[in-house]
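Chains as they are written, first to last, in the numbering used here: chain A, 1 to 328; chain B, 329 to 665.
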């Protein structure tokens, strides 16, 4: 049994201005085992990116614990950690960003971009640096002779490879991929997904894979968490979640996937209305305004996130009685 | 026989650059028929957007366009390419008979004017001079695409709408003059899955009502399977395969089409490695005189394929492919994608 590398416990993040407080991430908990890929899905604005940024501590969570098992065998709470230790941890936890066009500095050469994490963390000689960068570049499928060029000279897929090389150059153990393939063409997407899966095998990487594309998530993830309005509403092993969803929101999401087969007709379960304003979320279960199974209880009583089946967590009052449709 | 609304013949686009002549579109021919949706599929840079912009005459001045774009208007065919850029003639067609929906709903509207103001602009230009009537028409169009409370929404600014809602407004605006042809350039790519499905259903339903032809550009094969009647696959500025959606998905012929379909993961399928097409799309400049897919093709046959580019050949009813491997009508030997 692989050890638990990351435990997210009751994490919340509130963005506040004078008038409004937006709970972008609301009391989210889950566990990640080493070598696993966890997919996080949900519509835009559901807080999946914010959660990812909290995990790499690009931003501070408002409350909760993020427990990380570091390479030295100790467990650190990334929320309460002194600066020096955090610097060490940062080498192990990296992030791949969404937009390969915006996440690379146009005024740095590819070599500078990939070597920056090394320069920031180690004192390496020029030739050592070059060697490391070259080896990682060829690993992700970038021709090392291109390293002197600037990002604008590369296509979207190649840029994403640069972003991946930058994340990998420090030999991280946990990588948060925030929509890492969403901006790419299907064929390039397939290349990058294969690359990520190969690298995972080779380096025993753990991924947190944030995406709104359910088919990609199904392909790459071992477990999937579904988020709605800042809350995790369902969390289960991938196959279980896709076949036997327990939350009505998951059911609706799955039914909206457009299947690349003209003989299969979509039978979408319509979601009424729009996502409610996160500054003023509904009472009771957050999803009740759009849920077709809503009863009185859902409107008033808060719902808790509980384990209904082994490893299958859900936040729904009616999880026991509903028989929801998954993808066959 | 179903009437064709648009016939594109041997469309070529050239752009002169300092480094040489770029040919992003290299002889494209297809037709779009009444009440049908033709999908134009391909990776970024294959020339699909340029083709569509050429139809409306909104390409950059640097693009030198040749060929024929015949559009049937009131029973007669007119060649849109012969019209002067931005002449009154083409402007009377653009937005009225042919309209377009763009990829990013957020950047397709001016943030400075209300939705109503921007919608009436089209109506006042093409339909009526009466402002009151224009407002009525706009509100009616908004209601048709499922916008609740259109009277109030009419006076709101784009930032007050969500992405999905704004895409609906864009569709309403494109359809307000009852066009014969709607060009949709990746209208759902920027949207969430749930909204995406809604928009596609909406477009299907509106097509049923108005019998318009839709030219649907996308690289998402899921969308194609769900909305298109026929599909044209583009690679490096040429159509390499065209056929009905069922033919293309069930029995793809061109190695590129096979590759594209193979790289899509199907939910519920096994989680093996995805098939991916080696390499990247080359730059459409100084191309060698042989099949443009040669370098990336897994089925290439050095004796057969190292010849000047193949043309589209019929391989079945309404199914054509441009590949040397089908030249003798022999079935593919190496199957397996």
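Note that the Cβ used here is the ideal one computed from N, Cα and C, for glycine as well.
As the crow flies, the alpha-carbon of residue 274 of chain A is around 8 Å from that of residue 290 of chain A. Here residue 169 of chain A carries a coil assignment [DSSP, helix/strand/coil]. Boundaries of the beta strand (DSSP E) around residue 339 of chain B: 332 to 345. In this structure, the CA atom of residue 565 of chain B is about 8 Å from the CA atom of residue 373 of chain B. Among the residues of chain A, those whose CB is under 8 Å from the CB of residue 594 of chain B are 215, 259, 260, 261, following chain order. Beta-carbon to beta-carbon, residue 132 of chain A and residue 118 of chain A are separated by about 6 Å, close enough to satisfy the 8 Å threshold. The C-beta separation of residue 561 of chain B from residue 567 of chain B comes to about 7 Å, placing the pair in contact by the 8 Å criterion. Within the model, the alpha-carbon separation for residue 424 of chain B versus residue 505 of chain B is close to 5 Å.
DSSP places residue 492 of chain B within a helical segment (H, G or I) once states are collapsed to three. Ranked by how close their Cα comes to the Cα of residue 108 of chain A, the residues A:151, A:74, A:66, A:39 have A:151 in first place. Flagged as an interface residue toward chain B: residue 268 of chain A, by a C-beta distance shorter than 8 Å. Cβ-Cβ distances below 7 Å link residue 377 of chain B to 513, 545 in the same chain, with the five nearest sequence neighbours on each side left out; the list follows chain order. Using beta-carbon distances, residue 368 of chain B does not count as an interface residue toward chain A, since no partner is under 8 Å. Those residues of the stretch 430 to 454 of chain B placed with their C-beta closer than 9 Å to a C-beta in chain A do not exist. For the pair residue 367 of chain B and residue 187 of chain A, the CB atoms are not nearer than the 8 Å cut-off. Its Cα nearest to that of residue 199 of chain A, the residue A:171 stands out among A:314, A:214, A:171, A:247. Shown in chain order are the members of the stretch 543 to 572 of chain B whose Cβ falls below 7 Å from a Cβ of chain A: 547, 549, 550, 551, 553, 554.
By the Cβ rule, the stretch 302 to 314 of chain A does not count as touching the stretch 48 to 63 of chain A, because fewer than three pairs are nearer than 8 Å. By DSSP's assignment, residue 407 of chain B forms a beta bridge with B:398. Counting along the chain, the unbroken beta strand (DSSP E) around residue 361 of chain B starts and ends at 348 to 361. In this chain, the alpha helix (DSSP H) harbouring residue 587 of chain B covers 583 to 590. Between the alpha carbons of residue 557 of chain B and residue 258 of chain A lies a distance of about 15 Å.
For the stretch 369 to 382 of chain B, the set of residues with a beta-carbon nearer than 7 Å to any beta-carbon of chain A comprises 371, 372, in chain order. Under the 8 Å criterion on CB atoms, residue 579 of chain B is classed as non-interfacial with respect to chain A.
Look at the beta carbons and you see the stretch 487 to 498 of chain B not touching the stretch 402 to 409 of chain B: under three pairs across the two are nearer than 8 Å. A direct Cα-to-Cα measurement between residue 86 of chain A and residue 33 of chain A gives close to 21 Å. DSSP places residue 243 of chain A inside the alpha helix (DSSP H), whose first and last residues are 238 to 243. Residue 52 of chain A: not part of any beta strand (DSSP E); member of the alpha helix (DSSP H) spanning 48 to 55, first to last residue. Ranking A:165, A:111, A:73, A:69 by CA distance to the CA of residue 95 of chain A puts A:165 first. Residue 129 of chain A and residue 204 of chain A have their C-alpha atoms spaced approximately 24 Å apart. Within the stretch 269 to 286 of chain A, those residues whose Cβ lies closer than 7 Å to any Cβ of chain B are, in chain order, 271, 274. At least one beta carbon of chain B lies nearer than 8 Å to the beta carbon of residue 186 of chain A.
Taken in chain order, the members of the stretch 210 to 242 of chain A whose beta-carbon sits within less than 7 Å of a beta-carbon on chain B are 212, 214, 215, 216, 218, 219, 242.
Three or more beta-carbon pairs separated by less than 8 Å link the stretch 510 to 525 of chain B to the stretch 426 to 436 of chain B, which places the two stretches in contact. When C-beta distances to chain B are compared with 9 Å, the residues of the stretch 130 to 158 of chain A below that value are 155, 156, 157, 158, in chain order. For the set A:116, A:40, A:230, A:285, the Cα lying nearest the Cα of residue 238 of chain A is the one of A:40.
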